[in-house]
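Visitor:
Structure below.
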């Protein structure tokens, strides 16, 4: 069973941002499954480490893409949105550091299990308005 599904979240009006969210949800579910298997002794910790590195890389690229779009279209709440990204990255960095130091999959559970709640809140209160603003600006630039 999946920890979370994309249908639980608001859809974004910018296709690439929606695609990034879909991929992020997929990775969270894969990590959650690997954590369970590792705790049970049915998966290799190296597989979990590899998947976590893939997730970290994806999140950084996802945030960078959104931030570049916000700057390109002069999004007025850029600083607030970037701060939310920076705080998540710090939390993720800490969880990753603890994982690497202790190699205990249980240490990842708290971070992974709270991620869907953060993502839902961020998507509905920050990403959706940002995507709507960018989508509107993109439409206006096509009209010109």
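In my numbering, the protein residues as written are 243 to 386.
Virtual Cβ for every residue (Gly too), placed ideally from N, Cα, C.
In this text, all values refer to a predicted model and were calculated from it rather than measured experimentally.
Assuming residue 269 and residue 347 are in contact, meaning their beta carbons sit under 8 Å apart, how far apart are those beta carbons, in whole angstroms?
Guide: Actually they do not touch by this definition, with Cβ atoms about 16 Å apart.
Visitor: Please report the straight-line C-alpha distance between residue 317 and residue 290, rounded to a whole angstrom.
Guide: Taking the straight line from one Cα to the other gives about 37 Å.
Visitor: If you follow the alpha helix (DSSP H) that residue 326 is in, where does it begin and where does it stop?
Guide: That run of the alpha helix (DSSP H) goes 320-344.
Visitor: On a CA-only basis, which of 254, 276, 262, 251 is nearest residue 243? Give me that one, please.
Guide: Checking every option, the nearest Cα to that of residue 243 belongs to 276.
Visitor: Thinking C-beta only, is residue 376 closer than 8 Å to residue 311?
Guide: Yes.
Visitor: When burial is assigned at 16 or more other CB atoms within 10 Å of the CB, is residue 254 buried or exposed?
Guide: With 16 or more Cβ atoms within 10 Å of its Cβ, residue 254 is classed as buried.
Visitor: Is there contact here, the region 367-375 with the region 248-264, by at least three beta-carbon pairs under 8 Å?
Guide: Touching, yes, given that three or more Cβ pairs across the two stretches are closer than 8 Å.
Visitor: Would you kindly check if the distance between the Cβ of residue 271 and the Cβ of residue 246 is under 8 Å?
Guide: Cβ distance < 8 Å, so residue 246 and residue 271 count as in contact.
Visitor: Residue 315 and residue 389 - do their beta-carbons sit closer together than 8 Å?
Guide: Past the boundaries of the shown model lies residue 389; the chain is included only from 243 to 386, so the question cannot be answered.
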